[in-house]
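Residue numbers (our numbering): 67 to 318.
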């Protein structure tokens, strides 16, 4: 029997990252990165390709161990946790993969049931069915419940992946480049859906993106990841009005 973590999900600061360092050989990707995430806000981390955005999000969910620093979520330091403890945190932290990561051999219904089974939630099949339909209704795709991922468009797959993320009612949702590979109209629909979900469920969102529409529409606050650091932070308007040459480069 694994010990159950006591999660502090009532704190106003749901995530505190301090002094995060991560290098791969001579490549110093994160170099004293600091960030605090406040309950209910939507923060977009903006950085150019290779700046460390994906490394940051993988450190946050415990897929990569930082060389130094702490990532406190619900009162627990992620790098200190073992696999079972990480799973308990992940039940409250939704992660939308850039690739969607749907299982091709499973129907939409089975894809959504998977996290419920994986986290061993003791609920009846009737309750599972209700949760699946509710999550699909949230993304406007209840009619796809018995379809296979291959039958869905790119935008629909993204929505199903988001429904699967929502099914455990996470406190925090991490988005890894949510609009990559989507056309302009579908991207806008996905961003609007992300905003709608955040407002409906009062979730806290951390979005990794270089899509300026996503930054503008979905952010309460923008964090600039430059030189491995939280180089600048502010509202979209504040960031776009910055006179710092490194920041201005993103908006030219």
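Glycine is no exception: its CB is placed at the ideal position from the N, C-alpha and C atoms.
In this text the structure is predicted, and so the values were computed from the model without any measurement.
Review point. Who are the near neighbours of residue 67 in its chain, counting only those whose CB is closer than 7 angstroms to its CB and skipping five residues on each side?
Key: With a pLDDT of only 42 at residue 67, under the threshold of 50, the placement of this residue in the model should not be trusted; the figure read from the coordinates follows. Hits under 7 angstroms: none found.
Discussion item. Comparing C-alpha positions only, which one of 296, 210, 164 sits nearest to residue 173?
Written reply: 210
Among residues of its own chain, excluding the 5 on either side of residue 102, which ones have a beta-carbon nearer than 6 angstroms to its beta-carbon? 79, 82
Distance between beta carbons of residue 240 and residue 263, contact taken as under 8 angstroms
About 13 angstroms; that fails the 8 angstroms criterion.
### Task
In angstroms with no decimal places, state the Cα-to-Cα distance between residue 179 and residue 318.
45 angstroms
Would you check if the distance between the CB atom of residue 122 and the CB atom of residue 242 is smaller than 8 angstroms?
no
| said: In the DSSP output, what is residue 111 paired with across the bridge? | reply: 274, 289
Within the same chain, show all residues whose beta-carbon is closer than 8 angstroms to that of residue 309, passing over the 5 residues directly before and after it, in chain order.
-> none
Answer with buried or exposed for residue 224, where buried requires no fewer than 16 other C-beta atoms within 10 angstroms of its C-beta.
buried
When DSSP labels each residue in this structure, what does residue 160 get in the three-state scheme?
strand
Open item on the list: So for residue 81, helix, strand or coil by DSSP?
Closed with: strand
Tell me the DSSP secondary structure of residue 216 in three-state form.
helix
Note to self: With three or more C-beta pairs closer than 8 angstroms as the rule, is the segment 271-287 touching the segment 182-199?
What the structure shows: no
What is the residue span of the beta strand (DSSP E) that residue 295 lies within?
295-300
task: Label residue 311 either buried or exposed according to how many other C-beta atoms from any shown protein chain fall within 10 Å of its C-beta, with 16 as the threshold for buried.
output: exposed
In whole angstroms, what separates the C-alpha of residue 125 from that of residue 139?
12 angstroms
Discussion item. Assess contact between the segment 273-293 and the segment 108-115, defined as three or more Cβ pairs (one per stretch) separated by less than 8 angstroms. Is contact present?
Written reply: yes
Spell out the partners DSSP gives residue 242 in its beta bridges. 274
Q. Identify the residues that DSSP records as bridge partners of residue 330: which are they?
A. Residue 330 is absent from the model: the chain starts at 67 and stops at 318.
Item to complete: Following the continuous beta strand (DSSP E) through residue 102, name the residue where it begins and the one where it ends.
Response: 93-104
(Q) I'd like to check one pair, residue 245 with residue 277: are the Cβ atoms closer than 8 angstroms? (A) yes
For residue 212, I'd like the list of residues in its chain whose CB is within less than 8 angstroms of its CB, leaving aside the five on either flank, ordered along the chain.
173, 174, 175
Under a three-way DSSP split, which group does residue 202 fall into? helix
*asked:* I need the straight-line Cα distance from residue 284 to residue 230, nearest angstrom please.
replied: 20 angstroms
Which listed residue (154, 119, 152, 181) has its alpha carbon closest to that of residue 327
A question about residue 327 goes unanswered here, because the residues of the chain that appear run from 67 up to 318.
Measuring straight from C-alpha to C-alpha, what distance separates residue 137 and residue 144? 6 angstroms
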